[in-house]
Amino acid sequence: MAKRILITDDALFMRVTLKNILTQNGYEVCGEAANGEESVKLYQELKPDIVTMDITMPEMDGITALKEIKKIDPDANVVMCTAMGQKNMVVEAIQSGAKDFIVKPFQPERVLEAIKKLVAA
Amino acid sequence: MKAEFINPIVKGASEVLKTVLQAEAKLGSLSARPTVFTTKEFNVVCGITGSLSGQVIYSFSTDSVNAISKSMLGGLDLETTDELVTSTLAELGNMISGSVSSQLASVGYTCDITPPTIIKGKEVTISTVDIPALVIPLDLPNFGTIELNVSLKDRAVATAAA
């Protein structure tokens with residue numbers, strides 16, 4: 519059965535780009551969230567296998583959403599996918615439970631590699 | 002605005018433009034703008050907070066918007082709606098801001114960025130109130146000139162002066 523992925527990004531462009539990469543490679547995009555708050559809500563409703571999470575978003579940023587999701591499900595697989603690549607941001611995300619950290623702009627292979635690692639684990 | 006911000010900004014922007022558009026940005030002549038100024042037709046406003054505060058406004062002509070969105074949406078089999086084109090340019094602005102923020106961090110300025118705001122229209126006047134803007138034009142072959150309108154205040158200096 520295809521792994522179910524929840525995409526979180528405030529940019530429509532990024533949501534369609536990620537959806538394209540994922541569906542063309544056999545994954546199912548079970549939901550799309552435009553901000554952290556929507557992501558937390560959809561996580562509870564859909565229980566996806568993996569979440570991709572942007573950081574810079576209105577309503578609720580991705581680090582806060584990551585923490586909220588980890589409170590609901592400590593085993594949640596959240597992969598950060600963001601334009602903010604500074605070391606302190608990466609450290610905070612990983613310490614808050616993110617399983618990987620992808621910096622935009624990314625090559626499709628980078629996303630696929632991150633997902634494959636989580637699926638294999 | 003300090004000269005030491007310029008190199009990280011140009012470096013951050015050029016790297017993203019190279020990766021996303023496969024285009025080499027050429028730095029044009031810098032100029033200063035008074036606080037109220039008119040811009041090209043499509044503008045992506047990204048707020049910067051932290052040790053530097055203010056914003057960067059990325060200005061594009063309509064021709065640039067069309068060329069850039071065509072390039073970035075090329076691989077996708079989708080109808081190019083206004084909403085999608087706007088989002089594409091907004092995300093380009095967001096990625097450049099993220100990259101610039103990383104470069105500024107490496108020279109000692111820790112900053113965060115806000116989600117982008119898009120302003121479209123001819124002869125739009127934008128006021129950055131109390132911070133004059135430095136205009137950094139980046140010429141791209143095939144994509145036209147992108148203007149980076151940078152209005153940043155050094156918080157450390159501002160606090161010391163207060």
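Read top to bottom, the protein sequences are chains A and B.
Taken in order, the first sequence gives residues 519 to 639; the numbers are from this note's numbering.
Taken in order, the second sequence gives residues 2 to 163; the numbers are from this note's numbering.
In this text, a Cβ means the ideal position worked out from N, Cα and C, and glycines have one as well.
Listed by position along chain B, the residues whose Cβ is nearer than 7 Å to that of Leu530/A are Glu84, Leu85, Ser88. In the DSSP annotation of this structure, Tyr545/A is not part of any beta strand (DSSP E), being labelled neither H nor E.
Listed in chain order, the beta strand (DSSP E) runs fully inside the region 8-85 of chain B are 32-34, 37-39, 43-51, 53-61, counting runs of at least 3 residues. Per DSSP, the beta-bridge partners of Glu550/A are Ile525/A. Secondary structure note for Lys121/B: its beta strand (DSSP E) is the uninterrupted segment 118-121.
Of all residues in the region 15-33 of chain B, only Val17, Thr20, Val21 place a beta-carbon less than 7 Å from a beta-carbon of chain A. By the C-beta criterion, the region 62-76 of chain B is judged not to be in contact with the region 94-106 of chain B, since fewer than 3 inter-stretch pairs fall below 8 Å. Secondary structure of Ala134/B (DSSP, three-state): strand. For Asn150/B, the enclosing beta strand (DSSP E) stretches over residues 145-155. Looking at the DSSP output, Ser128/B shares a beta bridge with Val37/B. At a beta-carbon threshold of 8 Å, the residues of chain B lying near Gln604/A are Ser102, Ser103, Ala106, Thr111, ordered along the chain. Contact between Val125/B and Thr39/B holds, since their C-beta atoms are separated by about 6 Å, short of 8 Å. Put simply, the CB of Ser98/B is near chain A, with a gap under 8 Å to one of its CB atoms. Sixteen is the threshold: when 16 or more other Cβ atoms of the shown chains lie within 10 Å of the Cβ of Asp572/A, as they do, the residue is buried. Per DSSP, the unbroken beta strand (DSSP E) holding Thr600/A starts and ends at 596-600.
For Val108/B, there is no enclosing beta strand (DSSP E), since its DSSP letter is neither H nor E. Residue contact check for Ile114/B against chain A: a CB pair falls below 8 Å. The three-state reading of DSSP puts Thr115/B in coil, since its state is none of H, G, I, E or B.
At a cut-off of 8 Å between C-beta atoms, Ala616/A does not count as an interface residue with respect to chain B. Contact between Asp591/A and Asn553/A does not hold, since the beta-carbon distance rounds to 19 Å and is not under 8 Å. For Ile590/A, no beta strand (DSSP E) encloses it; the enclosing alpha helix (DSSP H) starts and ends at 580-590. For Met607/A, there is no enclosing beta strand (DSSP E); the residue is part of the alpha helix (DSSP H) that begins and ends at 605-613. At a beta-carbon threshold of 8 Å, the residues of chain A lying near Leu77/B are Val534, Thr535, Asn538, ordered along the chain. Taking C-alpha positions only, Phe144/B is separated from Asp64/B by approximately 8 Å.
For Asn143/B, no CB of chain A lies under 8 Å from its own CB, so it is not counted at the interface with that chain. Shown here for Val637/A: same chain residues with a beta carbon closer than 6 Å to its own, the five before and five after excluded, namely Lys521 in chain order.
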